[in-house]
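Following: one structure in structure tokens, then a few remarks.
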Amino acid sequence: MKKLCMLFCMAITMSVLLAEPQETAGEVSKAPSTQEDSAPNVNVPTPPQQENAPSGLLGSQPLTPSHQITGAPLDDMLENVNESNTALKSAMSFARQGDYESALQLFAQSCDQGNAAGCFGSGLIYMYGANSGVPNPQKAVNYYYKACVGGDAVACANLAMAYDNGQGVKEDKDQAAQLYEVACQGGDSLGCTNIGWMYANGVGVKKDYQKALAYYNSACQLGSDLGCYNLGLMSNTYNVYGMTKDKMSYVEMNYVACQQGDIVGCGNLGWMYATGSNGAEKSYYNAAKYFTLACDSGHIQSCNNLGVLYDGGFGVRQDKRKAIELFGLACDYGIESGCNNYSLMRTRGSVSAGNNNFFGLK
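If you count by mature numbering (1 follows the signal peptide of the UniProt record, and there is no 0), then the sequence shown holds residues -19 to -1, 1 to 343, one letter each, in order.
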């Protein structure tokens, strides 16, 4: 066990610090990223180091046609079909049983009768090649088009993804953007998320952070976790609000991010309140509040920092057992400070013993 090894291997004189943001995978960087939220599968360069700057997130990866069409199971996608009549219910029943040929026949018949849901179901089966084992994106696009014209917002989003990725049609980012907007206006969260990304990055449309923010907000309100994430990300990485962005403090930006579900924004707030840095008035009570939010949501460095607060009784009732538990959790997830602090708790009984400058205390 790594923790047991640390008990014997750690030097008793090791200095103890609150875990600062580190450039590790899935963690945070020293300075806010000045990159726009990134396109899928692009390695974001390490941002420049900046003294006393709060940590920030790296870029996001919104859904794209390739992610959506090849990543989502067909059965999940078919659940978007509106079973509004007997024929569609029968088609869905066949599909759930794996009889996609029979399902396609009923979907196509329903489509020929002017039912948008039937067109959408036909398009899905052709896009996945579920009926023959060979995808037919050209036919899928034709059916998506009929469904979209018929008012099916999800079909509009799928048609947009086809244009976005050049599947069954020639790649056309402008057309994709228009269709994402139509899908979003029809209440499709994916359409809102993807048109938000396009406005944030100037793909298919003129770059407009205000519109990106509005569309991400719409996606978030429609229940898209990714929309909420991107909304928080734009605030947290200093990319939003156009010419007015300089009026936002680091505390305000991270507060907005945390409120929108960005757990690193919550962790950043905890760090700033704990250290009294970046314009935040030192408050261990607030530090504990935001470290708890971040830790409970899976930000492991915040779990380590929360352990420091419990060890010393800073902003919370002192609880050594809780501190050990949190340090152990951080150590198990590879946070070096967590392992160091776990060892010190076992050998000294506290991580702050003999360190009068801990947390900036004098």
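Glycine is no exception: its CB is placed at the ideal position from the N, C-alpha and C atoms. Here the structure is a predicted model, which means the values were calculated and not measured.
Open item on the list: Residues in the same chain with beta-carbon distance under 6 Å from alanine 138, minus the five sequence neighbours each way, listed in chain order, please.
Closed with: Here the question's residue 138 lines up with position 157 in the sequence shown. Contacts found: Ala164, Asp169, Leu171, Gly172.
Task: Given 8 Å, three or more beta-carbon pairs between the region 265 to 274 and the region 234 to 248 - done: yes
- [ ] Check whether the Cβ of leucine 207 lies closer than 8 Å to any heavy atom of the ligand SAH, and answer yes or no.
- [x] For the ligand SAH, the structure offers nothing, since it holds no ligand at all.
TODO: Report the three-state DSSP secondary structure of glutamine 148 (helix, strand or coil).
DONE: Translated into positions along the sequence shown, residue 148 becomes position 167. Three-state DSSP puts glutamine 148 in coil, outside helix and strand.
Open item on the list: Is the beta carbon of cysteine 129 closer than 9 Å to that of alanine 121?
Closed with: By one-based count along the sequence shown, residue 121 stands at place 140. By one-based count along the sequence shown, residue 129 stands at place 148. Their beta carbons are not under 9 Å apart, which means alanine 121 does not touch cysteine 129 by this criterion.
Open item on the list: Considering just the uninterrupted stretch of the alpha helix (DSSP H) at glycine 319, what are its terminal residues?
Closed with: Walking along the sequence shown from the start, residue 319 turns up at place 338. 317 to 328 is the extent of the alpha helix (DSSP H) around glycine 319.
TODO: Could you work out which residue in Gly279, Ile281, Ser331 is closest to proline 302 when comparing CA atoms only?
DONE: For the purposes of this step, residue 302 is taken as residue 321 along the sequence shown, with counting starting at 1. Reading off the sequence, residue 302 comes out as arginine, not proline. Per the Cα distances, Ser331.
- [ ] Kindly list the residues whose CB is nearer than 6 Å to the CB of glycine 131, restricted to its own chain and excluding five residues on each side of it in sequence; keep chain order.
- [x] Within the sequence shown, residue 131 is the residue found at index 150, counting from 1. Hits under 6 Å: Ala97.
TODO: Entirely within the region 81 to 115 and at least 4 residues each: give me those alpha helix (DSSP H) ranges in chain order.
DONE: 81 to 93, 97 to 109
Open item on the list: On the CB-based measure, 16 or more other CB atoms within 10 Å of its CB, does asparagine 211 come out buried or exposed?
Closed with: Taking the first residue of the sequence shown as 1, we reach residue 211 at position 230. Looking at its Cβ environment, which holds 16 or more other Cβ atoms inside 10 Å, asparagine 211 is buried.
TODO: Tell whether a beta-carbon distance below 9 Å holds between asparagine 322 and valine 289.
DONE: To locate residue 322, count along the sequence shown from 1; it is residue 341. To locate residue 289, count along the sequence shown from 1; it is residue 308. Contact: yes.
Task: lysine 127, buried or exposed, once every other Cβ within 10 Å from all chains shown has been counted against 16 - done: Counting from one through the sequence shown, the residue named residue 127 turns up at place 146. Result: buried.
Task: Inter-residue Cα distance where the pair is aspartate 93 and leucine 87 - done: The count along the sequence shown starts at 1 and reaches residue 93 at position 112. The count along the sequence shown starts at 1 and reaches residue 87 at position 106. Cα to Cα, the separation comes out at about 10 Å.
Open item on the list: Taking its Cβ as the centre, do 16 or more other Cβ atoms sit within 10 Å of serine 199, making it buried, or is it exposed?
Closed with: Locating residue 199 in the sequence shown gives position 218, where the first residue counts as 1. It is buried - the Cβ of serine 199 has at least 16 other Cβ atoms within 10 Å.
TODO: Sort Glu317, Ile176, Gly260 by Cα distance to alanine 195 and report the nearest one.
DONE: Working through the sequence shown from its first residue, we reach residue 195 at position 214. The option with the nearest alpha carbon to alanine 195 is Ile176.
Task: Cβ shell of aspartate 189 (< 6 Å), same chain only, five flanking positions each side left out - done: Mapped onto the sequence shown, residue 189 falls at position 208. Result list for aspartate 189: Tyr180, in chain order.
Open item on the list: Among Gly293, His280, Gly185, whose alpha-carbon lies nearest the alpha-carbon of alanine 311?
Closed with: Here residue 311 refers to the residue found at position 330 when the sequence shown is read from its first residue. Closest option to alanine 311, Cα to Cα, is His280.
Task: Best match in Asp300, Gly293, Tyr109, Gly114 for proximity to alanine 143 [C-alpha to C-alpha] - done: Along the sequence shown, read from residue 1 onward, the residue named residue 143 stands at position 162. Among Asp300, Gly293, Tyr109, Gly114, the Cα nearest to that of alanine 143 is on Tyr109.
- [ ] Measuring alpha carbon to alpha carbon, tell me which of Gly294, Asn259, Gly208 ends up nearest glutamate 233.
- [x] Reading the sequence shown from its first residue, position 252 is the one you call residue 233. Checking every option, the nearest Cα to that of glutamate 233 belongs to Asn259.
Open item on the list: Give me, in chain order, the residues of the same chain whose beta-carbon lies closer than 7 Å to that of cysteine 284; leave out the 5 immediate sequence neighbours on both sides.
Closed with: Residue 284 sits at position 303 when you count from the first residue of the sequence shown. Once the five neighbours on either side are set aside, the close Cβ partners of cysteine 284 are Cys276, Leu307, Leu310, Ala311.
TODO: May I ask you to report which of helix, strand or coil DSSP gives aspartate 277?
DONE: As a first step, residue 277 is located in the sequence shown; it is residue number 296 there, counting from the start. In the structure shown, aspartate 277 sits in a helix (DSSP, three-state: H, G or I).
Open item on the list: Using C-beta distances below 8 Å, list every residue in its chain close to leucine 203, excluding the 5 sequence neighbours before and after it, in chain order.
Closed with: For the purposes of this step, residue 203 is identified with residue 222 of the sequence shown, where counting begins at 1. Once the five neighbours on either side are set aside, the close Cβ partners of leucine 203 are Gly168, Asp169, Ser170, Cys173.
Task: tryptophan 252 versus cysteine 201 - alpha carbon distance - done: For the purposes of this step, residue 252 is identified with residue 271 of the sequence shown, where counting begins at 1. For the purposes of this step, residue 201 is identified with residue 220 of the sequence shown, where counting begins at 1. Roughly 26 Å between the two C-alpha positions.
- [ ] Work out the CA separation of tyrosine 291 and serine 264 for me, nearest whole Å.
- [x] Counting from one through the sequence shown, the residue named residue 264 turns up at place 283. Counting from one through the sequence shown, the residue named residue 291 turns up at place 310. Approximately 14 Å between the Cα atoms of the pair.
Task: Nearest-angstrom Cα separation, counted from glutamate 152 out to glutamine 119 - done: Working through the sequence shown from its first residue, we reach residue 119 at position 138. Working through the sequence shown from its first residue, we reach residue 152 at position 171. Answer to the nearest angstrom: the Cα atoms are 13 Å apart.
TODO: Name the two residues that bound the continuous alpha helix (DSSP H) containing residue 426.
DONE: Lying before the first or after the last residue shown, residue 426 is absent from the chain, which here runs from -19 to 343.
- [ ] Specify the secondary structure class of glutamine 202 as computed by DSSP and reduced to three states.
- [x] For the purposes of this step, residue 202 is identified with residue 221 of the sequence shown, where counting begins at 1. It is helical.
Open item on the list: Let's test the definition: count the other Cβ atoms within 10 Å of the Cβ of glutamine 185 and tell me whether it reaches 16, buried, or not, exposed.
Closed with: Indexing the sequence shown from 1 puts residue 185 at position 204. One detail in the question is off: residue 185 reads as glycine in this sequence, not glutamine. Classification for glycine 185: buried.
Open item on the list: Rounding to the nearest angstrom, what Cα-Cα distance links glutamine 191 and glycine 114 in this structure?
Closed with: In the sequence shown, counting from the first residue as 1, residue 191 sits at position 210. In the sequence shown, counting from the first residue as 1, residue 114 sits at position 133. Taking the straight line joining both Cα atoms gives about 44 Å.
- [ ] Can you say whether glutamate 162 is buried or exposed, counting buried as having 16 or more other CB atoms within 10 angstroms of its CB?
- [x] The residue labelled residue 162 in the question sits at position 181 within the sequence shown. The residue is buried, with at least 16 neighbouring Cβ atoms inside 10 Å.
TODO: Consult DSSP for glutamine 78 and reduce its assignment to one of helix, strand or coil.
DONE: Locating residue 78 in the sequence shown gives position 97, where the first residue counts as 1. If DSSP states are grouped into helix, strand and coil, glutamine 78 belongs with coil.
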